[in-house]
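A short worksheet on the structure shown next.
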Amino acid sequence: ALSALLAGLPAGTVSGAPKVRAMEIIDELEPEKRGVYGGGVGYFSAGGDMDMCIALRTAVLKDETLYVQAGGGVVWDSDPEAEYEETVNKSRAIRKAAEDAGRFERGRNR
């Protein structure tokens, strides 16, 4: 299972292709690390099974600030406004869940 995982990383859906050069460009252009976004989340069982997913829509709470990450596949002829709208749409469920959780938490603290 581990060799299968390593052979598939980094995922081309996140890094682009060819993988090695795409990762070099990401390192050159992005001053901040992505954190869990674009990474793998999962487990290996004692029996050798594996279950993994790519974290493409994430929410991370750090120092009382919620960071929501989502993205789209930007290509040569992408429309920047359409790509922006795609990320807004993809992050909507996470933002709504956070809003609902805030309401729930405030209700419990009364």
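Take the working numbering: the last position of the sequence shown gets the number 133, and nothing is skipped along the way. All C-beta atoms in this analysis are idealised placements derived from N, C-alpha and C, irrespective of residue type, glycine included.
Excluding five sequence positions before and after Leu25, the CB atoms of its chain that fall closer than 8 Å to its own CB belong to Phe67 and Met73, given in chain order. Under DSSP, Tyr107 takes part in no beta bridge, so it has no partner. If you compare the alpha carbons of Gly63, Arg118 and Tyr107 with that of Thr88, the shortest gap goes to Arg118.
Inter-residue distance for Arg129 and Ala116 is about 20 Å (C-alpha atoms, whole angstroms). Between Gly96 and Thr110, the C-beta spacing is not below 8 Å. In this chain, the beta strand (DSSP E) harbouring Gly65 covers Gly63 to Phe67. Put simply, the backbone Cα of Glu108 is about 12 Å away from that of Ser101.
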